[in-house]
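Single-structure report; data block below.
2 protein chains.
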Amino acid sequence: METTWAHRLRDAGLRVTRPRLAVLDALAGHPHADADTLVTVARAAHPPLSPQAVYGVLRALVAVGLARRVEPAGAPALYEVRVGDNHHHLVCRSCGAVTDVDCPVGAAPCLSPSDASGFVVDEAEVVFWGLCPDCRDAGRPAAAVPVAQHHNRGGTGA
Amino acid sequence: METTWAHRLRDAGLRVTRPRLAVLDALAGHPHADADTLVTVARAAHPPLSPQAVYGVLRALVAVGLARRVEPAGAPALYEVRVGDNHHHLVCRSCGAVTDVDCPVGAAPCLSPSDASGFVVDEAEVVFWGLCPDCRDAGRPAAAVPVAQHHNRGGTGA
DNA sequence: CCCCGTTTCTTGATCCAGTCAAATCAAGGG
DNA sequence: CCCTTGATTTGACTGGATCAAGAAACGGGG
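Chains as they are written, first to last, in the working numbering: chain D, 643 to 800; chain E, 643 to 800.
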């Protein structure tokens, strides 16, 4: 839809500022970007933007529900503006690529733990791990240790 | 089961060392402990144990499949010795308590996203977020912004 | 249109989990 | 019992993210 970001920010009770618009714009163009990427992209629209500013903006956006934070094990946090539809993610063990996945079943599969142990569950987060098409074709067998690819990008280059 | 840890280590092709036995023992007694806790607990059995040693041991254990690493968003990694049964976790948004949840369906439930986008999925990780009995009774409304994924409509819905 | 209070951004320092590397020590086969 | 290999100890370091103080911007009111 064409509801402006400015409008949404206002509706959420947040002031409309250059940094926020820049970050929202960057988010819109980069579905699953990490903070660092957002700094780079958003800075193009607002040069004086600092990393801390981005962290602050992201935190504010997440707090009011305009953005969502995703933290795949072993990788820096990713952010997305697609909210409110509780979709899940597909993460490549080799390159870290992330893809959205609409939950198949309407009511969701594993969403009802057989034994909730008294917990009041309010959300079920699902992460599918595997190999993306590119990495599969390149014969890359996923990082040895599922979660050990912290700052280890590149090496597995296509 | 009384198969000794020593035996399992040997079977996995790892040497049987004091630090490893200490960590395995600590893990057995603390289902979902973070590295720091394990250092403390395991050190009781083997004083000279260093944090780095624990990291090394854990990495080795995870690599051979004797332990599993779990990384709830916004919290340090947790380790568990219960492996090979594809169970999931219930995490308290307020205190961080973690509980195991046997996946209702037999082996690997949510393994078939409607649209895998060409990915070769090999694992579906499910994390249930909510409040543990204690925190619920204490009226604690989930920590300020631990992972901040509140405004999630439909709760457990898909 | 300008002023002002409050929010937000900028700048810089700091924290923490986890990793990397070199040297020492132990496991366990010969 | 010695030796080779692998593991651990010690110490330094990385990178993501947060905290804090001051300056600037938003936007309602006059």
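Each residue gets a CB set at the ideal place from its N, CA and C atoms; glycine is no exception.
Measure from the alpha carbon of residue i to the alpha carbon of each residue in the options, then state which is nearest.
i                 : options                                : result
Ala705 of chain D : D:Ala670, D:Glu767, D:Arg735, D:Leu651 : D:Leu651
Pro718 of chain D : D:Leu680, D:Asp744, D:Leu663           : D:Leu680
Ser759 of chain E : D:His731, D:Val665, D:Ala766           : D:His731
Gly716 of chain D : D:Tyr697, D:Val733, D:Ala664, D:Thr645 : D:Val733
Val699 of chain E : E:His729, E:Cys745, E:Val665           : E:Val665
Cys777 of chain E : D:Gly781, D:Arg782, D:Val763, D:Ala780 : D:Val763
With 16 other CB atoms within 10 Å as the buried threshold, where does residue i fall?
i                 : result
Val690 of chain D : The sequence shown places Pro at residue 690 of chain D, not Val. The residue in question, Pro690 of chain D, is exposed, as its Cβ has fewer than 16 Cβ neighbours within 10 Å.
Ser736 of chain D : buried
Ala780 of chain E : exposed
Thr645 of chain E : exposed
Gly748 of chain E : With a pLDDT of 47 at Gly748 of chain E, under the threshold of 50, the modelled position of this residue cannot be trusted; read the value that follows with caution. Exposed, since its Cβ has fewer than 16 Cβ neighbours within 10 Å.
Which whole-angstrom value is the C-beta distance of residue i and residue j, which I expect to be below 8 Å?
i                 : j                 : result
Val769 of chain E : Pro714 of chain E : 6 Å
Gly834 of chain E : Phe761 of chain D : Since the first and last residues shown for chain E are 643 and 800, residue 834 of chain E lies out of range.
By Cβ distance below 8 Å, which residues in the same chain neighbour residue i in space, the five residues on each side in sequence not counted?
i                 : result
Leu720 of chain E : His674, Ala675, Asp676, Arg711, Val712, Glu713, Pro714, Val740
Ala654 of chain D : Val706, Gly707, Leu708
His672 of chain D : Thr679, Leu680, Val683
Pro693 of chain D : Ala677, Asp678, Val681
Arg782 of chain D : Ser736, Cys737, Leu773, Thr798
Cys745 of chain E : Asn728, His729, His730, Pro751, Val768
Arg701 of chain D : none
Can you name, in chain order, every residue of its own chain whose Cβ lies under 6 Å from the Cβ of residue i, other than the five neighbours on each side?
i                 : result
Leu663 of chain E : Trp647
Cys774 of chain E : Cys734, Ala739
Ala784 of chain E : Arg735, Ser736
Ala668 of chain E : Leu680, Val683, Ala684
Leu703 of chain D : Ala709
Identify, in the order they occur along the chain, each residue of the same chain with its Cβ nearer than 7 Å to the Cβ of residue i, setting aside the five sequence neighbours on each side.
i                 : result
Ala695 of chain D : Pro661
Ala670 of chain E : Val723
Tyr697 of chain E : Ala677
Val743 of chain D : His729, His730, His731, Leu732, Phe770
His649 of chain E : none
Is it a yes or a no for the stretch 683–703 of chain D touching the stretch 677–686 of chain E, going by three-plus beta-carbon pairs under 8 Å?
no
Using a Cβ distance threshold of 8 Å, determine whether the stretch 715–729 of chain D contacts the stretch 652–662 of chain D, with at least three qualifying pairs required.
no
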